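Student: Would you mind keeping the following structure in view while I ask a few things?
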Amino acid sequence: MILQLRTLAELSEFITSQKQKKRTIGFVPTMGFLHKGHMSLINLAKESCDIVIASIYVNPSQFNDSSDFDNYPKDEQKDLELLSNNFCDAVFIPTQLEIESIPNVRVDLGTLGDVMEGRSRPGHFEGVVEIVHRLFKAVSPHKAFFGNKDYQQLLVVKKMADSCSLSIEIIGASIVREPSGLAMSSRNVRLSKDIRNKAGFIYETLSKTNLFNIKESRAFLTDNEFELEYLEIHSFGDDKRLFVAGLLDGVRLIDNVKVN
Ligand code: AMP
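Residues in the sequence shown are numbered consecutively from 1, following our numbering.
Structural data, given as structure tokens:
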């Protein structure tokens, strides 16, 4: 079974011994209820690091909706098995009390904090910055891996690492999808079976949308019982993407695709 580190002292002892052996450390932060999307990050980390540490922590401060927090799925035993089967070396599972003993930071996200998730979920990115910074301080990895599914979050983490001068390389990984095309998410388990099977229409719509038919795509999503929050194209550097967010069957889903 995988090595479980539940206190900062246990974590620190492990990290120190690995660094003394000159091992590079890859870190994959998660909120648990793990799936193949998370495992793709573990596997990517294994390719370029000697040791891979995952964390499981459902951070209350990044939930702007308390019922979303209360209903967030959990299955620690299954998570531990999945991590072991994917040869993850250790998992950090802190308590709220311990994680909150690490000093907090605030970072000016500029316009990045004002669009899409920043606009739809007030306080969300402040919570993300707070927890990821605390985890980075505790784990002090060489590299950290994040999914492109939460693409804006990946940019926020890069900005935080940059403005706090942390020497951690932040790496983004491709989105892993269910056979229907629906982006894998821990929240998908809250969709009814019928709706989950049909939910591939979101990705299908993204794949067919361009600058000229975006209005029709918005109407199509709404007609399919998707309570659309946004369907927008944004460019970050030379990376142009189409982003979507909304509620399906009462479950909040996000996705994005690269636009040429
Ligand atoms: P979460 O547990 O949802 O906070 O996600 C932890 C990490 O896994 C984040 O970096 C997510 O972007 C990433 N992730 C979640 N779902 C997927 C997916 N379907 N494909 C790739 N990465 C994912």
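We put the beta carbon where it would ideally sit given N, CA and C, even for glycine.
Source: prediction; values computed, not measured.
Could you tell me how far apart the beta carbons of Y264 and A219 are, in whole angstroms, since I believe they sit closer than 8 Å?
Tutor: For the chain, the structure presents residues 1 to 260; residue 264 sits outside this window and is missing.
Student: Considering just the uninterrupted stretch of the beta strand (DSSP E) at Y57, what are its terminal residues?
Tutor: Along the sequence shown, one-based indexing puts residue 57 at 57. That residue, Y57, is in no beta strand (DSSP E); it is neither H nor E in DSSP.
Student: Does the beta-carbon distance from I51 to I93 come in below 8 Å?
Tutor: Working through the sequence shown from its first residue, we reach residue 51 at position 51. Working through the sequence shown from its first residue, we reach residue 93 at position 93. Cβ distance not < 8 Å, so I51 and I93 don't count as in contact.
Student: What number of angstroms, rounded off, separates the C-alpha of V132 from the C-alpha of V157?
Tutor: For the purposes of this step, residue 132 is identified with residue 132 of the sequence shown, where counting begins at 1. For the purposes of this step, residue 157 is identified with residue 157 of the sequence shown, where counting begins at 1. Their backbone Cα atoms lie some 7 Å apart in a straight line.
Student: Report all residues from its chain with a CB closer than 8 Å to the CB of S101; omit the five preceding and five following residues, and keep chain order.
Tutor: Translated into the one-based positions of the sequence shown, residue 101 becomes position 101. Hits under 8 Å: L8.
Student: Alpha carbon to alpha carbon, how far is S140 from L221? Give it in angstroms, no decimals.
Tutor: Stepping through the sequence shown from its first residue, residue 221 is reached at position 221. Stepping through the sequence shown from its first residue, residue 140 is reached at position 140. Straight-line Cα distance between these residues: approximately 42 Å.
Student: Starting from V257, trace the beta strand (DSSP E) in both directions and tell me its first and last residue.
Tutor: For this step, residue 257 is matched to residue 257 along the sequence shown. Start and end: V251 to K258.
Student: How far does the beta strand (DSSP E) with L248 in it reach, from first residue to last?
Tutor: For the purposes of this step, residue 248 is identified with residue 248 of the sequence shown, where counting begins at 1. Note, L248: beta strand (DSSP E), D239 to L248.
Student: Could you tell me the distance, in whole angstroms, from the CA atom of L134 to the CA atom of S192?
Tutor: The residue given as residue 134 occupies position 134 in the sequence shown. The residue given as residue 192 occupies position 192 in the sequence shown. Here residue 134 turns out to be Arg, not Leu, going by the sequence shown. Roughly 35 Å between the two C-alpha positions.
Student: May I ask you to check if the CB of K149 is nearer than 7 Å to at least one heavy atom of ligand 1?
Tutor: The sequence position of residue 149 within the sequence shown is 149, counting from 1. Because some heavy atom of ligand 1 lies under 7 Å away, the Cβ of K149 counts as near it: yes.
Student: In the segment 114-169, which residue ranges form an unbroken alpha helix (DSSP H) of at least 4 residues, counting only runs that do not cross its ends?
Tutor: Taking only runs of at least 4 residues, the alpha helix (DSSP H) segments lying wholly in the segment 114-169 are 117-120, 124-139 and 151-163.
Student: Could you work out which residue in Q4, L11, Q18 and F27 is closest to E169 when comparing CA atoms only?
Tutor: Within the sequence shown, residue 169 is the residue found at index 169, counting from 1. Checked all of Q4, L11, Q18 and F27; the closest Cα to E169 is F27.
Student: Would you kindly report the start and end of the unbroken beta strand (DSSP E) that includes H234?
Tutor: Along the sequence shown, read from residue 1 onward, the residue named residue 234 stands at position 234. Note, H234: beta strand (DSSP E), F226 to F236.
Student: Judging by CA-CA distance, which residue of L206, S185 and T205 is the nearest neighbour of R196?
Tutor: For this step, residue 196 is matched to residue 196 along the sequence shown. Of the listed residues, the one whose Cα sits closest to R196 is S185.
Student: From K198 to I15, what does the alpha carbon distance come to, in whole angstroms?
Tutor: One-based indexing of the sequence shown puts residue 198 at position 198. One-based indexing of the sequence shown puts residue 15 at position 15. Taking the straight line from one Cα to the other gives about 44 Å.
Student: Tell me, which residues are paired with T30 by DSSP?
Tutor: Locating residue 30 in the sequence shown gives position 30, where the first residue counts as 1. Bridge partners of T30: I56.
Student: Can you give the Cα-Cα distance for F87 and E216, rounded to whole angstroms?
Tutor: Indexing the sequence shown from 1 puts residue 87 at position 87. Indexing the sequence shown from 1 puts residue 216 at position 216. If you take the alpha carbons of F87 and E216, they lie about 45 Å apart.
Student: Mind pulling the alpha helix (DSSP H) runs of 4 or more residues that sit fully within the segment 185-230?
Tutor: Whole alpha helix (DSSP H) segments, 4+ residues: 193-198, 201-208 and 214-223.
Student: Here's the rule: buried if 16 or more other CB atoms are within 10 angstroms of the residue's CB, otherwise exposed. What is V91?
Tutor: On the sequence shown, position 91 is the one that residue 91 refers to. Classification for V91: buried.
Student: Indicate whether at least one CB of chain C lies closer than 8 Å to the CB of Q152.
Tutor: Any reference to chain C falls outside this structure, which holds one protein chain only.
Student: Consult DSSP for I51 and reduce its assignment to one of helix, strand or coil.
Tutor: Position 51 of the sequence shown, counted from the start, is the residue given in the question as residue 51. Residue state, collapsed to three classes: strand.
Student: Mind checking L247: buried by the 16 CB within 10 Å criterion, or exposed?
Tutor: Sequence index remark: in the sequence shown, residue 247 carries index 247 (1-based). That one is exposed.
Student: With a threshold of 8 Å on Cβ separation, who are the neighbours of E76 within its own chain once the five nearest residues in sequence on each side are excluded?
Tutor: Numbered from 1 along the sequence shown, position 76 holds the residue referred to as residue 76. So the qualifying residues of the chain are G32, I56 and I93.
Student: Nearest CA to the CA of K137: which residue from T111, P29 and K22?
Tutor: Position 137 of the sequence shown, counted from the first residue, corresponds to residue 137. When each option's Cα is compared against that of K137, the closest is P29.
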